[in-house]
Amino acid sequence: MARILLVVDLQNDFCPSGALGIAGGDQIVGPINRMMDCGDFDQIVASKDHHPKKHISFQAWGPHCLKGTLGAAFHPNLESSRFDRIFEKAFEPDEESYTVFGGRCLKNGQSFQAYLEEVTQRSGETLQQLELVICGLATDYCVKASALDAAALGIKTVVVLDACRAVSAETELSAIKEMQQAGVEISCFRNIMPSWLTERQPDRQLQLQP
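The numbering used here numbers the first residue of the sequence shown as 10 and each following residue consecutively.
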């Protein structure tokens with residue numbers, strides 16, 4: 010089974026002191042770096058909000074993650090050089106997208122689903138045999154939206170809850186319930202790391218061309 014780690018929107022504007030700072034958003038950088046370092050993922054990818062100067066989301070949230078700004082950049086301590094693919098979201102002025110499935114690859118314009126299909130084709134598997142492990146910001150918005158879309162495709166979807174942060178405790182609880190009802194597994198860093206470190210090694214045949 011191919012395993013992919015998805016790091017969602019760990020950008021400066023979503024971390025404390027950013028335009029839409031989430032409390033504790035920077036505290037998940039260390040655990041996420043450790044997950045990337047464990048060497049148990051066949052691919053490591055990330056999503057990022059990538060807005061033009063005028064974007065529909067600014068009506069509700071105010072300006073954030075503007076293309077080319079420091080706010081749109083990944084947190085400086087995040088080992089972003091490890092990402093095999095980066096998918097930008099909400100890059101058109103009048104289109105909003107919380108989910109990575111609405112994004113496109115910065116390298117080649119590929120959609121996220123097309124990328125997943127490429128991974129499974131190379132491994133001789135189907136989407137339903139894929140495992141997608143999700144962490145990042147925010148649990149109750151972009152993490153949830155991405156997890157729900159993955160689960161709807163029959164992908165084994167795992168959210169590492171303590172490697173995420175939410176906008177609010179109330180909406181986090183609602184998001185967790187909604188994800189669980191959709192078949193998403195809610196896990197934690199401490200529970201999953203030991204087994205992942207001892208049970209398997211990544212399938213090097215799944216290294217894709219840039």
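C-beta: ideal position from N, C-alpha, C; glycine also. Please read all numbers here as calculations on a predicted model, not as lab measurements.
Sequence-distant Cβ neighbours of A156 in its own chain, meaning closer than 7 Å and more than five residues away, are I143, T166, V168, M188 and V193. For I41, the enclosing alpha helix (DSSP H) begins and ends at V38 to D46.
In this structure K57 touches A81 by the C-beta definition: roughly 7 Å separates them, less than 8 Å. Within the model, the alpha-carbon separation for D171 versus E88 is close to 18 Å. Take the alpha-carbon of S183 and the one of G145: they are about 17 Å apart. When DSSP states are grouped into helix, strand and coil, C173 belongs to the strand group.
Per DSSP, reduced to three states, the secondary structure at I185 is helical.
For E140, the beta-bridge partners assigned by DSSP are R12 and K165. Ranked by Cα distance from F83, the first of E104, V54, S106 and I65 is V54.
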